[in-house]
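Participant:
Chains as they are written, first to last, in my numbering: chain A, 2 to 212; chain B, -9 to 490; chain C, 248 to 460; chain D, 28 to 514.
Below, the structure is given as structure tokens:
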């Protein structure tokens, strides 16, 4: 397979932000399709990163670097991919729920999922149920991720899911929730599709839902 | 242009102090008074002679001993010629310990009758193989800087076990070694072995590859062997640790200050005698100062008083300008358990903070009667944690990161910032056996306790094949010294087999 | 009468030598036999001390003060006990063996044994086998106690026992050994009659060997 | 007779030099004056503006003179009182005095019977409080968890209602909102004998938490204002994560964290000059692989030592952190990490050290960890007590009495000192091997478990006043009423 694809993988693994755009351009000029670059260049790189991270040999800041590299390349590839309507890994809508300003966990999940090839829309923090609903209609995500760090704000996860139902978009999306006080049983209780105990687990779960 | 700071004092490391300078002096002058007015018992004629001709008062001479009293000026004179820095090398000269002021080195303890079998976890008498294995573990652990036997070899002749112990250690490690000797002949043989290891007597002059452990008996008593070793070590440029083990409340006053006074008196006698014998003789003092637990009558190795006294004594030795022999990484627990973890964590912290130069007894449990590889492997990680704290808090424009805060602003995060990316590997300490997974992942990986992980690591170290350190010929030559010693001393042995 | 015994045992328990002497004298005036004073007063007090120490409710210095109080009382009645030919608790010859200057363990055991009514003959430290033998011949002890702190000097225990045998005195005495590196197995290997892992258990062992416990 | 004779009362520990502390201090002033914080509370912004701060939307910058003034107004030394007037349980905050206690809000708890991890329940609260009341080295009380089996808005109130009758040691209370705080306060002042009596002898401290980096949330400030108006001693401390929500360098996290606390300080002192105020918090690193805020990292002790010294440099008491662990079970790791942070807390003299008894990175509370740390604290306190040096302790004459080869066991000097000079453990074993073997070869864990069971079986705290019991019942009913149609 082409030299440049493995260079792209390495570029992702090493978190080499500076070279990725040029490499992506070169790859396209070499006549490789956006899909090939994604599947045979970027994704193998990110998969490797995922494995190394799990094994404890890579660390969050490095994974985020790789995610950023991936992102840089996707900026160029995405229009082409949509044009040739190739199915991408998926779309993820994410936000910290109403009343909660803690969003470090949410940010981690967002970046991990981006690394996994998702297209991310991050609503930020203190997001009301109707804001989620609007965004779902507009962005049409496959997965909605909600984060809460307080036992009080956990509740608005339930409210948000209700709101999605009432707006009739609940079945269009999978809902994943997380955050320190959140548990599996709580996730079931409020009718979420899944609970993740940490960012890496969330990314894996999101991937499962779209594959 | 960049303006540099001046008149700006930096704590490059944390600073820790038990005694004020006035208190140190009070203890020192009290010790001078005891040495002059109470005196010490010396059970060795030649030693008494040396002291007497050096100006000491000799009284109350019996057939086996004399009371020796030394006026303060003898101490002052001795301190003037006492080296302030002692260097001990590893057998292959690749490792070295520079013992002075603020240098910190951690290492094992020696001569425990019992050890915990790393496989069966049962307590039994230590053997040659145990001592060799401990040396191999010490060789592997990054935070162990010097080594001691951590076991009495008890499957060889008893009267000459010290030579076998040294051989076992030479087989296992190239880190500096602190030896023990059953008597003067034992020191001679081990020095001979060191010459062989070095490839000649002349090599020793370039720097010693072991120091000798010598222990006078508290209170204020210096036995025949002890004094003979001291004189021989002085004559032959062997750095020696002259360390009493006063037991506060039993063989020393029950006040920690009083125990320090007595211990210092005992060490000062060693210093004076060595300098009289050979000005410039290399002495390390200090050692194990602890209390008797008055509920169980045992010698505490894990008590806070032990940590506190050792720290105080270290300050005294720094003030005197003598290298210090500190104590840490040890416990009164009978196995490596939570108690051992607590006692080791805190006494390692105090020893590191105060800066005892040669910090020994890592791996001791059960009041120093038993050694434990798990204790040693765990202590290595504890030392590593403490060393992270010892790096202190550098304060400069880069570490203050005001510009970074400006970049991030309220509500942002630092995960992706270069300031984080470029520093996380050095700023954030990485555990080896300490576990930080989230609960679910910990369960998935078998819900192991720390003890289980330490055990696995210990076995892993033991079963990792390593190149033999001694070649066949060298080994045979060294072994020969041990065998000759056995031959010479065979009639001292009991006709019954003592241990196995 | 019972209050005298109680006063005496309390005096021992509280480590009050003066009181202990006072009560013994009082008892003797009331013609209480020395044997009773010993059994119902002194020993009762020390027994309680033993229990409390084991429980961790008493500290070594307190135990030693009680031992002193006990010994003070004993000194008064010992001659009388001998006159009346009454059975004494026993005599122990104590020493730290040749080559060893570590004395504290032996001292602790001696004091604890004294507290149990034993008469102690202490031959000190660095004691040659000959010194033990001379001591046995001179004092006719029921028990010989040996202490060693080093594996090398542990051998002297063996040598000493052997010497005692060769002197034909072995069957006159029970031999008990102790010290940090010593354990039960070793004590059996060198043919000792018993081993104490700590001072109180050394004293208990002594009592058992003279059949007083 | 001596002269010009200096002694160390206790040990002396310093992480930073005066010059370094001054530089950090100026760093904090720079952040407050030039970078500023987000303040999500309109009334607070008004108060700050009136007092001279620059307000631009949510964004507030505070000129350093305001900060210095606030620092001057806050006391360095004051007393927190035992509700039952038991002087032994009072906490005197002041230089060189370190106190210890548990933390709040762990979702899980180690069940005392089964030793299994499960959600924290209402019934666990009194149990934790009684442990705190009984343990000699635990000085103040928090609940070690968030109650899961009551209405989700009433967890904090039920915790306080459960703790208050079960320990007379001062309590550190958190709450969800103003009403919550008001209910808690009513209980406390009833016991104290009214608001005025409470102000003279406060029996609890109010805890609220700003958000890193540089954000003050509505709830935090609303509760802060409640506390300030009612003169409740206040803890206003963040929990910055190095490399996550704060700079990864210790100097950087100390500066940012201090700025976050001092925003609250300025508001509090403006409303209530002289209000007792604690800065500090939980300063630690994110484990860059496990992605948790580490409660066992050596950096915790390092950074907390830094913030403690900065607090004492500016004359504020500090809310320290220690006795906690990332371990998921009661094992050697839990004790290594807990003992390390406890020991360094004791060395720095951080005024109140919380989170003693946290396991699993603050996800699970454990009274077993708490009881084990009680031992580690006693151990550390013996060390920080230091060595007393005077004619009598130097014992020159005693050494002379005893002489070479003698012993001190029976000496009068020994009898005078052995009890106070030596520390005696509760759950550490110091018997000889044979005895330990005979007694069943217990580990420290075994002994901690039986100590916990003994205490829970026997210990009875002093009762609260009957009227306080009534008030507790009343405020709980009112609260249930208040929230019954919130879901």
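Idealized CB from N, CA, C, for every residue including glycine.
Within its chain, find whatever has a CB closer than 8 Å to the CB of residue 420/C; leave out the 5 residues flanking it on each side and keep chain order.
Facilitator: Stepping through the third chain from its first residue, residue 420/C is reached at position 173. For residue 420/C, where only same-chain residues beyond five positions count, the Cβ hits under 8 Å are 340, 383, 388, 389, 390, 391 and 411.
Participant: Check the Cβ-Cβ distances between residue 33/B and every residue of chain D, and say whether any is below 7 Å.
Facilitator: Mapped onto the second chain, residue 33/B falls at position 43. So no, residue 33/B is outside the interface.
Participant: Of the choices 152/B, 93/B and 282/B, whose alpha-carbon is the least far from that of residue 100/B?
Facilitator: The residue given as residue 100/B occupies position 110 in the second chain. For residue 100/B, the nearest C-alpha among the options comes from 152/B.
Participant: So, do the stretch 368 to 381 of chain D and the stretch 120 to 138 of chain D have three or more beta carbon pairs nearer to each other than 8 Å?
Facilitator: Touching, yes.
Participant: Taking the alpha helix (DSSP H) that residue 27/A belongs to, which residues open and close that run?
Facilitator: In the first chain, the residue the question calls residue 27/A occupies position 26. Note, residue 27/A: alpha helix (DSSP H), 21 to 30.
Participant: From the beta carbon of residue 62/A, is the nearest beta carbon of chain B less than 7 Å away?
Facilitator: For this step, residue 62/A is matched to residue 61 along the first chain. Output row for residue 62/A: interface = yes.
Participant: Helix, strand or coil for residue 166/B per DSSP?
Facilitator: Stepping through the second chain from its first residue, residue 166/B is reached at position 176. Residue 166/B falls in the coil class under three-state DSSP.
Participant: Compare the C-beta of residue 445/D with all C-beta atoms of chain C and state if any pair is closer than 7 Å.
Facilitator: Along the fourth chain, one-based indexing puts residue 445/D at 418. Yes, residue 445/D lies at the interface with chain C (some Cβ there is under 7 Å from its Cβ).
Participant: Can you find a C-beta in chain A that's less than 7 Å from the C-beta of residue 403/B?
Facilitator: Indexing the second chain from 1 puts residue 403/B at position 413. Judged by the 7 Å Cβ criterion, residue 403/B is in contact with chain A.
Participant: Are the beta-carbon atoms of residue 30/B and residue 278/B separated by less than 7 Å?
Facilitator: Position 40 of the second chain holds residue 30/B. Position 288 of the second chain holds residue 278/B. Cβ atoms of residue 30/B and residue 278/B: not closer than 7 Å.
Participant: How about residue 461/C: is its C-beta nearer than 7 Å to some C-beta of chain D?
Facilitator: A query on residue 461/C cannot be resolved here, the shown segment of chain C reaching from 248 to 460 and no further.
Participant: Which chain B residues are close to residue 347/D, counting only those with a beta carbon under 7 Å from its beta carbon?
Facilitator: Working through the fourth chain from its first residue, we reach residue 347/D at position 320. What residue 347/D touches in chain B: nothing, since even the nearest Cβ is about 15 Å away.
Participant: Count the other C-beta atoms from every protein chain shown that fall within 10 angstroms of the C-beta of residue 491/B, then say buried if there are 16 or more, exposed otherwise.
Facilitator: What is shown of chain B runs -9 to 490, which leaves residue 491/B out entirely.
Participant: Would you report the Cα separation of residue 410/B and residue 313/D, rounded to the nearest angstrom?
Facilitator: Residue numbering aside, residue 410/B sits at position 420 when the second chain is read from its first letter. Residue numbering aside, residue 313/D sits at position 286 when the fourth chain is read from its first letter. Computed Cα separation, rounded: 11 Å.
Participant: Under a Cβ-count criterion, where at least 16 other Cβ atoms within 10 Å of its own Cβ denotes burial, should residue -2/B be classed as buried or exposed?
Facilitator: The residue labelled residue -2/B in the question sits at position 8 within the second chain. Per the 10 Å Cβ criterion, exposed.
Participant: What does the Cβ neighbour count give for residue 385/D, buried or exposed, with the cut at 16 atoms within 10 Å?
Facilitator: Here residue 385/D is taken as the residue at index 358 of the fourth chain, counted from 1. Answer is buried; the Cβ neighbour count reaches 16.
Participant: Can you give me the C-alpha to C-alpha distance between residue 482/B and residue 267/B, rounded to a whole angstrom?
Facilitator: As a first step, residue 482/B is located in the second chain; it is residue number 492 there, counting from the start. As a first step, residue 267/B is located in the second chain; it is residue number 277 there, counting from the start. Distance between the alpha carbons of residue 482/B and residue 267/B: 31 Å.
Participant: Starting from the Cα of residue 493/D, find the closest Cα among 73/D, 218/D, 143/D and 180/D and give me that residue.
Facilitator: Mapped onto the fourth chain, residue 493/D falls at position 466. Residue 493/D has its Cα closest to that of 218/D, out of 73/D, 218/D, 143/D and 180/D.
Participant: Going by DSSP, which residues form a beta bridge with residue 226/A?
Facilitator: For chain A, the structure presents residues 2 to 212; residue 226/A sits outside this window and is missing.
Participant: Where residue 357/B and residue 388/B are concerned, what is the direct C-alpha to C-alpha distance, given to the nearest angstrom?
Facilitator: The residue you call residue 357/B lines up with position 367 of the second chain. The residue you call residue 388/B lines up with position 398 of the second chain. When rounded, the distance between both Cα atoms is 47 Å.
Participant: For residue 119/D, count the other beta carbons within 10 Å of its own beta carbon; 16 or more makes it buried, fewer makes it exposed. Which is it?
Facilitator: Along the fourth chain, read from residue 1 onward, the residue named residue 119/D stands at position 92. By the 10 Å Cβ count, residue 119/D comes out exposed.
Participant: Any chance the stretch 33 to 48 of chain B sits against the stretch 220 to 228 of chain B, with 3 or more Cβ pairs inside 8 Å?
Facilitator: Result yes; three or more Cβ-Cβ pairs closer than 8 Å.
Participant: In the structure shown, what three-state DSSP assignment does residue 450/D receive?
Facilitator: Start at 1 with the first residue of the fourth chain, and residue 450/D comes out as number 423. Looking at residue 450/D - three-state DSSP - the assignment turns out to be coil, as it is neither helix nor strand.
Participant: Hey, is residue 413/B's beta-carbon within less than 7 Å of any beta-carbon in chain D?
Facilitator: One-based indexing of the second chain puts residue 413/B at position 423. Output row for residue 413/B: interface = yes.
Participant: Is residue 39/D helix, strand or coil by DSSP?
Facilitator: Against the fourth chain, residue 39/D aligns to sequence position 12. Strand, per DSSP.
Participant: I want to know whether the stretch 76 to 88 of chain B touches the stretch 446 to 456 of chain D - three or more CB-CB distances under 8 Å.
Facilitator: Because the criterion of three Cβ pairs below 8 Å is not met, the stretch 76 to 88 of chain B and the stretch 446 to 456 of chain D do not touch.
Participant: Thinking C-beta only, is residue 269/D closer than 7 Å to residue 280/D?
Facilitator: On the fourth chain, residue 280/D is found 253 positions in, with the first residue counted as 1. On the fourth chain, residue 269/D is found 242 positions in, with the first residue counted as 1. In this structure, residue 269/D lies closer than 7 Å to residue 280/D by Cβ.
Participant: Please name the residues in the stretch 414 to 445 of chain B whose beta-carbon is closer than 8 Å to at least one beta-carbon of chain A, in chain order.
Facilitator: Answer in chain order: 414, 415, 428, 429, 430 and 431.
Participant: What residue range is occupied by the uninterrupted beta strand (DSSP E) comprising residue 346/D?
Facilitator: The sequence position of residue 346/D within the fourth chain is 319, counting from 1. 345 to 348 is the span of the beta strand (DSSP E), which, as asked, contains residue 346/D.
Participant: Could you name the residues of chain D that residue 57/A contacts, counting a contact when the two beta carbons are closer than 9 Å?
Facilitator: Taking the first chain and counting its residues from 1, the one referred to as residue 57/A is at position 56. Those are 316 and 317, listed as they occur along chain D.
Participant: What separation, rounded to the nearest whole angstrom, lies between the Cα atoms of residue 73/D and residue 173/A?
Facilitator: For this step, residue 73/D is matched to residue 46 along the fourth chain. For this step, residue 173/A is matched to residue 172 along the first chain. So the two alpha carbons sit approximately 45 Å from each other.
Participant: Taking only beta-carbon atoms, is residue 73/B less than 7 Å away from chain D?
Facilitator: Position 83 of the second chain, counting from 1, holds the residue named residue 73/B. No, residue 73/B does not count as interfacial toward chain D.
Participant: Based on Cα-Cα distance, which residue from 217/B, 117/B, 39/B and 16/B lies nearest to residue 105/B?
Facilitator: Taking the second chain and counting its residues from 1, one reaches residue 105/B at position 115. Ranking the options by Cα distance to residue 105/B, first place goes to 117/B.
Participant: With distances taken Cα to Cα, identify the nearest neighbour of residue 400/B among 76/D, 191/D, 271/D and 428/D.
Facilitator: Looking up residue 400/B in the second chain gives position 410. Out of 76/D, 191/D, 271/D and 428/D, 271/D has the C-alpha closest to the C-alpha of residue 400/B.
Participant: At a CB-CB cut-off below 8 Å, which residues of chain D make contact with residue 306/C?
Facilitator: Taking the first residue of the third chain as 1, we reach residue 306/C at position 59. In chain order: 445 and 446.
Participant: Where DSSP assigns a beta bridge to residue 198/D, which residues make up the other side?
Facilitator: Your numbering for residue 198/D matches position 171 in the fourth chain. Looking at the DSSP assignment, residue 198/D forms a beta bridge with 168/D and 231/D.
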